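So for the sequence shown, this note's numbering puts the first residue at 820; every next one is plus one.
Think of the CB as a built atom: it goes at the ideal place given N, C-alpha and C, for glycine as much as any other residue.
These numbers come from a predicted model, not from an experiment.
See structure below.
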Amino acid sequence: MNKQFFIGMIWCAIFLGGYTLSFGQAKEPSQSTVDNDKPYYSFKNFEWVNPWINSMNGAGLGLLSKQIPHFVGLSDLSVSMMREQGELRLPYTAPQENHLNIGTRTLQKINKTTIKASFNYEYNTNSETQWNALYDMKNTPFFVTDSNAARINSELFMGSFNLSHPINDKLFLGVQANYQTAVRAKTRDLRFTNNYVQMTFLPGIVYQKSNINIGISGGLKYTAEDISFGEVEKNIIKQIFYVKGIWFVKENVYDPILNHYNNRKIDDLAFLGQLQFEYKTDKINLFNQVGVDTRYSKQYHENYRHGDVHDLCFSYRGLLQFRNVFSIEVNADYLARDGISFIQQQITQDGKSQIITIGEEKSYLQKTFDGELYLTYRDIDGYFKENWEFVISGDVSLNQANYFRHPIDAKQDLTTIKINTSFSKFFYFNKSSFEITPKITLQLGSGDALYGRGYLDSDFQASPLNAEFYFNTSTRTTGGISFEYSTPMTSKLRGFIAGSVCYQQAFNNGFEDQYRSNCWLSTGIKF
């Protein structure tokens, strides 16, 4: 963890430097304007004013100071805890999860430069976890996990830094940089450790003319995982599977001498590109972003290449706002994924044994579509003082997956529909504020699963596979409530406490008597 700690300290230094510069050099507006608006500042309301904050183009941050001339910035520091438990879960989700997060965020203007940054440290402990060795198990059809239930502990550092600087009155240059690094570990019978790192670098440019803003951005994202397996108890059978989620390809009994299933690696490189267009007047704001991503992933078993994954993803985000009170947002993503297996054999040359590749075959196809629609209506005074907000949204997910490497022939078609509603009410007294938000979600699922030759050759394999399918196609409701209380501590600091409670219940597919609950609590300061 020395490397991760060192990188974390670098991010902390960036934040401290940014905060110091912002307080020392930012141009101060009139005190009356700041006093009127500052207590109601929130990152969500800044995103209403400037949709570029949530885009893939950091250059658009610079437009914020033109839209809010008296903008002076917002930062927060928080500590949060979350506990999730219940048997209404996927087979690779833990019965009980505990999370601790320490984080900070800032959105500042330093002279002419606008900066958005965040840093988080997260510690997680998950009880009795099976079939889960990766950070994103849906990212590859070629990998390994194990059947032994045990506690998994993980540490994660996350840092992001966005910057925008004007070249002249019409042109802004910017960059987004993100870094994540983590370590996960499990010990019982068969232990593993997972070292994970992800880095993203996205430069961008925005051109402004009259009511129109046009942007282009693009860059790279690199991801790597290194998983090591080792034995603890030698007299217990360990089942290991190649999986796609919980898609079994082959079953093996772990033997560190005969099978050499000791190490797995993923090496990803993705190329990202986006175009942005915004039309903004006093009454409406129309924002669009179109993106194309390609990913090339290499999968290694020990020191030889086992398979490749090729992704092609198209994304769209559309946002239409009316007078800062009503918005329609549409998000759509389409993913086409190919899994390629290598045909290899071991040869002896010059007295040395080596593995050579003699061919390759396409063995996995996946097509996924995700669509989201959000309708938001709210009552607000100015830019920041909200009175109430109503949100209704719908999500549709379509997933088709087909694995067809001999002797396996398996298909799954899944459809998931979610309907979400929430209502937020804001109360103000003296200089304090209180927000309360009840919410409810209905989820419907359907699908088909076809398993051909040689696939389910034991109940041991069939049980978790069916559990995943039945969970994804079940009907579930989730109800919850969240709150946030904020009050001044000094002339420049506000303390806050926030929390939420959620409860999920299923109605079919054998989950009728099972539930999942989630409790979250956070406290911190804003300045």
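DSSP places Glu1205 in the uninterrupted beta strand (DSSP E) bounded by Lys1204 to Tyr1222. If you check the CB distance, Asn958 and Val1149 do not come in under 9 Å. Assignment of Ser1301 by DSSP, reduced to helix, strand and coil, places it in the strand class.
Between Gly1343 and Glu1254, the alpha-carbon positions lie close to 16 Å from each other. Excluding five sequence positions before and after Gly1190, the CB atoms of its chain that fall closer than 6 Å to its own CB belong to Ala1151 and Val1215, given in chain order. Listed in chain order, the beta strand (DSSP E) elements of length 3 or more contained wholly in the segment 942-1022 are 963-965, 969-985 and 990-1005.
Beyond the five residues adjoining it in sequence on each side, Ile1316 comes within less than 6 Å, by CB distance, of Tyr1304 and Thr1342 in the same chain, given in chain order. When secondary structure is reduced to three states using DSSP, Ala1286 falls in the helix class.
Residue environment: Gln1185 is assigned as buried (16 or more neighbouring CB atoms within 10 Å of its CB, all protein chains considered). Put simply, the backbone Cα of Phe1020 is about 17 Å away from that of His984.
When the alpha-carbon of His1125 is set against those of Ile1175, Phe1106 and Asn917, the nearest one is in Ile1175. According to the DSSP assignment, Ser1319 belongs to the beta strand (DSSP E) that extends over Arg1313 to Ala1325. Per DSSP, the continuous alpha helix (DSSP H) segment holding Glu866 begins and ends at Phe862 to Val868. Cβ contact annotation for Ser1251 (same chain, cutoff 8 Å, sequence separation greater than five): Tyr1304, Ser1305, Thr1306 and Pro1307, in chain order.
Segment contact: the segment 1134-1147 against the segment 1105-1122, three or more CB-CB distances shorter than 8 Å; contact assigned. Here Leu1312 has Ile1344, Lys1345 and Phe1346 as same chain residues with Cβ atoms under 8 Å from its own Cβ, once five neighbours each way along the sequence are excluded. With three or more CB-CB distances shorter than 8 Å, the segment 1032-1044 counts as touching the segment 875-884.
Counting every other CB atom within 10 Å of its CB across the protein chains shown gives Lys1005 a total of 16 or more, marking it as buried.
Scanning the segment 1147-1201 from its first residue to its last, the whole beta strand (DSSP E) runs of 3-plus residues come out as 1171-1200. Here the C-alpha atom of Gly1092 lies approximately 12 Å from the C-alpha atom of Arg1114. Nearest to Leu1284 by C-alpha distance, out of Trp950, Asn864 and Arg924, is Trp950. A direct Cα-to-Cα measurement between Phe1209 and Ile1103 gives close to 19 Å. Contact annotation: Met901 and Tyr940 have beta-carbon atoms that are not nearer than 9 Å. In this structure, DSSP gives Asn1249 a state outside helix and strand, which the three-state scheme calls coil. Taking 9 Å as the cut-off, the beta carbon of Ile1162 is found closer than this to the beta carbon of Glu1179. For the options Arg1083, Gln1118, Glu1097 and Ile971, the alpha carbon positioned closest to that of Asn1030 is the one of Glu1097. In this structure, Thr1012 places its C-beta atom within 9 Å of the C-beta atom of Ser1047. Taken through DSSP and simplified to helix, strand or coil, Ala1089 comes out as strand.
Counting only the Cα atoms, Gly1299 lies some 19 Å from Tyr1193. Secondary structure note for Lys1102: it is in no alpha helix (DSSP H), with a DSSP letter that is neither H nor E.
In the three-state reduction of the DSSP assignment, Leu909 falls in the coil class, being assigned neither a helical nor a strand state. If you ignore the 5 residues before and after Ser1265, its C-beta comes within less than 7 Å of the C-beta of Thr1234 and Thr1292, all in its own chain and listed in chain order. Counting of Cβ neighbours within 10 angstroms places Ala1155 among the exposed residues, the total staying below 16. In this structure Thr1296 touches Leu1261 by the C-beta definition: roughly 5 Å separates them, less than 8 Å. Sequence-distant partners of Ser884 (beyond 5 residues in either direction) whose C-beta falls short of 7 Å from its own C-beta, in its chain, are Phe890, Lys928 and Thr933.
Looking at the DSSP output, Glu916 bridges to Glu903 and Asn945.
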